[in-house]
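Worksheet: the structure to be examined is printed underneath.
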Amino acid sequence: MLSVTRDSSPGDSDSACSATNQQPDRQRRTRASKPKVRTGCITCKIRRVKCDEGKPACARCTSTGRHCDGYDSTASPSRGLTSPARAEEAQRGAEQARRQFLREYSGNAALQGLRPIVADIEGSEMERRFFHHFRSAAAGGFQASTSTAAGPFWTRVAPEMARRDGAVKHALIALGAAYRLFQQSSVEEYSISAEGGIGVAPGISIESPPRENKIGAESPEELELFTIQQYNHSIALLQTHASSSSLDSIRVTLVCCLAFIFLEMLRSKETAALTHLTNGLRILESLPREAFDSVTATGHPTGSDPHMDDIIRMFCRLECSATLFAANIRPSIALRSYHQALSSSSGGGENPISSWLPPARSIIDVHERCNRHACNVIARIYETREHYADATFWSDPHQRRQQEILCARSRSLREVVRAFVASDAASGLEAADVYALDLDLLHLLCMDMFAQAMTGLPRDDDDQDSNTDLSKYSNVNPRLRSHPRHQYGLASGSVAYRSAAGPSNRSQALLKEILGVAGRLMETAASIRRGRQRQDRDQAVAGFTHEAGVLPPLYLVATIAEDSAVRQAALDMLEGAKVREGFWDGPSLYRLVLCVGDKVAQGRWPFHVVPSSLTGLGAIPDMWRLLERMDLEEDVQ
Numbered sequence: 001m002l003s004v005t006r007d008s009s010p011g012d013s014d015s016a017c018s019a020t021n022q023q024p025d026r027q028r029r030t031r032a033s034k035p036k037v038r039t040g041c042i043t044c045k046i047r048r049v050k051c052d053e054g055k056p057a058c059a060r061c062t063s064t065g066r067h068c069d070g071y072d073s074t075a076s077p078s079r080g081l082t083s084p085a086r087a088e089e090a091q092r093g094a095e096q097a098r099r100q101f102l103r104e105y106s107g108n109a110a111l112q113g114l115r116p117i118v119a120d121i122e123g124s125e126m127e128r129r130f131f132h133h134f135r136s137a138a139a140g141g142f143q144a145s146t147s148t149a150a151g152p153f154w155t156r157v158a159p160e161m162a163r164r165d166g167a168v169k170h171a172l173i174a175l176g177a178a179y180r181l182f183q184q185s186s187v188e189e190y191s192i193s194a195e196g197g198i199g200v201a202p203g204i205s206i207e208s209p210p211r212e213n214k215i216g217a218e219s220p221e222e223l224e225l226f227t228i229q230q231y232n233h234s235i236a237l238l239q240t241h242a243s244s245s246s247l248d249s250i251r252v253t254l255v256c257c258l259a260f261i262f263l264e265m266l267r268s269k270e271t272a273a274l275t276h277l278t279n280g281l282r283i284l285e286s287l288p289r290e291a292f293d294s295v296t297a298t299g300h301p302t303g304s305d306p307h308m309d310d311i312i313r314m315f316c317r318l319e320c321s322a323t324l325f326a327a328n329i330r331p332s333i334a335l336r337s338y339h340q341a342l343s344s345s346s347g348g349g350e351n352p353i354s355s356w357l358p359p360a361r362s363i364i365d366v367h368e369r370c371n372r373h374a375c376n377v378i379a380r381i382y383e384t385r386e387h388y389a390d391a392t393f394w395s396d397p398h399q400r401r402q403q404e405i406l407c408a409r410s411r412s413l414r415e416v417v418r419a420f421v422a423s424d425a426a427s428g429l430e431a432a433d434v435y436a437l438d439l440d441l442l443h444l445l446c447m448d449m450f451a452q453a454m455t456g457l458p459r460d461d462d463d464q465d466s467n468t469d470l471s472k473y474s475n476v477n478p479r480l481r482s483h484p485r486h487q488y489g490l491a492s493g494s495v496a497y498r499s500a501a502g503p504s505n506r507s508q509a510l511l512k513e514i515l516g517v518a519g520r521l522m523e524t525a526a527s528i529r530r531g532r533q534r535q536d537r538d539q540a541v542a543g544f545t546h547e548a549g550v551l552p553p554l555y556l557v558a559t560i561a562e563d564s565a566v567r568q569a570a571l572d573m574l575e576g577a578k579v580r581e582g583f584w585d586g587p588s589l590y591r592l593v594l595c596v597g598d599k600v601a602q603g604r605w606p607f608h609v610v611p612s613s614l615t616g617l618g619a620i621p622d623m624w625r626l627l628e629r630m631d632l633e634e635d636v637q
């Protein structure tokens, strides 16, 4: 569609032609010809300005607060440098200058201070500032969870695409503003919305203070308005990609989709976040099979499109978390990954878990194995959900064998993690890495329980072994131990309540072990927060990571554990977990257990009405909506 600006009209072109014909003798304005400089820095070339060619960083960039990207070693040599030897010498010189610049940058506080001012994008001062705020969050809190593979997406993929595409740029600016608003509201007070979100209410405060806003002093209302404006701007620019099937347009759309998901998480709009996730998964389903090879690969991504590899891995982690949180989420990437893995290992009579037994080479190797296994377990539970407690289906040796393989992998991987922690490779790990390894172990325990329980049939090897010391929970109020509100998970047919004889003894033992690891994780997290606050008050944790961590396991234990002391201990941990992990919000989960438990105690909770997540427990957004409806009905009566 053609646009008409204030300075032109549909008839302006004809008028211009007439004026030209009527004044043929008008002298055309010319400018002096100057030789084109081809040896300037990359930044000046992009900006199309003359470079002073200073080394290691040109003054034309640094004096204006820009980041000088150095000099292009692949540029064609100037006149006189025609021989291969001179060209090679020039390339070596450029590489040396680039390395020198990096050394200067790392040791020069003044140069380091220039980069955040510009934030690598064009735009208003406020847009550049909140883009930088996004990048600060990406380098800190967003990726501080179990999957270090998510780091490249936040620190490399998204920022690089933002420099090339306006839709991505404004989506990330909106995300930066939403994160700032979350930091402000998180130190106010948590309260529960209809979806279990956060708001302002007295009673429960988050553990970490907000970061100081040293440049602007926007109110929450101004931040919300700015967030929505940038959000809408990004959506408007995305329309240009809607009609294109090019891979670049698909990448742009998917990155914006991820930004919108996390933005809605920060705004406590889980339903909107799930809608964006579903839309993104629908787009991914249209991609060819080869695009998903990196998800099933045993090593690092080696495909021709590493950006798409990182994007797909982000969606895979999100969909797995969403299946445990809400109802009717199809883990399409996990399903494709699982069946590709089955196809690649179907030949011969080799041990199907042999590739999982070698020791881990690095902490990233540990994370990738654990993440891949979690996706496989969730995919298998999803595709067999209609055959729960179906003895005929599970009597098929092929079906039963798949479950046995997953159970064996869970146990093998737990030993791999423990062996890595005890190895020399883990001796120099920082506290954050130790936390991540414990988080991997915690999730493996959950996947082990899910894999054992997916058939819905009694296990022959069920036992009651448990090494968890429960003596420290002996002082729990006996009245709370027997309160029905702590047992509503059992009545809802949860994943641990998987046989007619009652909950599996092995699952109950795993729940106790999960509680122990979760407690250790929370102590480590508190220690890390204290250390960061001592080093720099401005680096306080804002209580948000992009994916699930400790909260889902704690919620599971608090609702389905038979031992009242275990349930109460998990509930106490939930009460103290003032954090948001992707879709999961600590204060809302704690409140949900209490609210639903009260309805169960009154005999008023309609278990059959609430759709289930993949855990077998009620879907959390649906439970909040039902609670809101029940409260409204009570008010009317």
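In the UniProt record's numbering, the protein residues as written are 1 to 637. Each residue gets a CB set at the ideal place from its N, CA and C atoms; glycine is no exception.
Length of the line joining the Cα atoms of residue i and residue j
{"i": "residue 282", "j": "residue 378", "result": "18 Å"}
{"i": "residue 575", "j": "residue 569", "result": "10 Å"}
{"i": "residue 509", "j": "residue 367", "result": "25 Å"}
{"i": "residue 434", "j": "residue 529", "result": "14 Å"}
{"i": "residue 262", "j": "residue 135", "result": "14 Å"}
{"i": "residue 162", "j": "residue 154", "result": "11 Å"}
{"i": "residue 236", "j": "residue 167", "result": "8 Å"}
{"i": "residue 390", "j": "residue 338", "result": "22 Å"}
{"i": "residue 274", "j": "residue 322", "result": "8 Å"}
{"i": "residue 62", "j": "residue 158", "result": "25 Å"}
{"i": "residue 330", "j": "residue 43", "result": "45 Å"}
{"i": "residue 239", "j": "residue 633", "result": "42 Å"}
{"i": "residue 573", "j": "residue 524", "result": "14 Å"}
{"i": "residue 491", "j": "residue 419", "result": "For residue 491, the predicted model reports a pLDDT of 35, less than 50, meaning its position is unreliable; a value from the coordinates is still stated below. Near 38 Å, if we compare the C-alpha coordinates of residue 419 and residue 491."}
{"i": "residue 50", "j": "residue 122", "result": "19 Å"}
{"i": "residue 598", "j": "residue 592", "result": "10 Å"}
{"i": "residue 56", "j": "residue 45", "result": "16 Å"}
{"i": "residue 290", "j": "residue 133", "result": "35 Å"}
{"i": "residue 416", "j": "residue 255", "result": "34 Å"}
{"i": "residue 564", "j": "residue 511", "result": "12 Å"}
{"i": "residue 226", "j": "residue 272", "result": "19 Å"}
{"i": "residue 477", "j": "residue 443", "result": "Note that residue 477 has pLDDT 32, beneath the 50 cutoff, so the model's placement of it is unreliable and the number below is only indicative. Going from the Cα of residue 477 to the Cα of residue 443 covers about 29 Å."}
{"i": "residue 458", "j": "residue 407", "result": "15 Å"}
{"i": "residue 342", "j": "residue 398", "result": "12 Å"}
Candidates the options: closest to residue i by CA position
{"i": "residue 266", "options": "509, 309, 247 and 174", "result": "174"}
{"i": "residue 380", "options": "571, 572, 125 and 333", "result": "333"}
{"i": "residue 617", "options": "327, 386, 241 and 442", "result": "327"}
{"i": "residue 316", "options": "365, 56 and 258", "result": "258"}
{"i": "residue 311", "options": "361, 322, 275 and 252", "result": "252"}
{"i": "residue 596", "options": "60, 322 and 555", "result": "555"}
{"i": "residue 455", "options": "393, 169 and 412", "result": "393"}
{"i": "residue 446", "options": "388, 515 and 399", "result": "515"}
{"i": "residue 388", "options": "292, 582, 632 and 450", "result": "450"}
{"i": "residue 335", "options": "363, 177, 384 and 264", "result": "384"}
{"i": "residue 644", "options": "128, 152 and 365", "result": "Coverage of the chain is limited to positions 1 through 637, which leaves residue 644 absent and any answer about it impossible."}
{"i": "residue 386", "options": "60, 358 and 612", "result": "612"}
{"i": "residue 176", "options": "185, 219 and 127", "result": "127"}
{"i": "residue 577", "options": "48, 590 and 567", "result": "590"}
DSSP three-state assignment for residue i, whether helix, strand or coil
{"i": "residue 549", "result": "coil"}
{"i": "residue 618", "result": "strand"}
{"i": "residue 163", "result": "helix"}
{"i": "residue 130", "result": "helix"}
{"i": "residue 450", "result": "helix"}
{"i": "residue 430", "result": "coil"}
{"i": "residue 580", "result": "strand"}
{"i": "residue 612", "result": "strand"}
{"i": "residue 192", "result": "With a pLDDT of 34 at residue 192, under the threshold of 50, the modelled position of that residue is not reliable, and the figure given next carries that caveat. Coil at residue 192, not helix or strand."}
Residue interval of the alpha helix (DSSP H) (run including residue i)
{"i": "residue 590", "result": "586-601"}
{"i": "residue 280", "result": "270-284"}
{"i": "residue 404", "result": "397-422"}
{"i": "residue 219", "result": "Taken as a continuous stretch (DSSP letters only), residue 219 belongs to no alpha helix (DSSP H), as it is neither H nor E."}
{"i": "residue 328", "result": "Neither: residue 328 is in no alpha helix (DSSP H) and is coded neither H nor E."}
{"i": "residue 382", "result": "363-383"}
> Counting pairs of beta carbons, one from the stretch 542-555 and one from the stretch 603-611, are three or more of them closer than 8 Å?
Replying inline: No, because fewer than three Cβ pairs between the stretch 542-555 and the stretch 603-611 fall closer than 8 Å, the two stretches do not touch.
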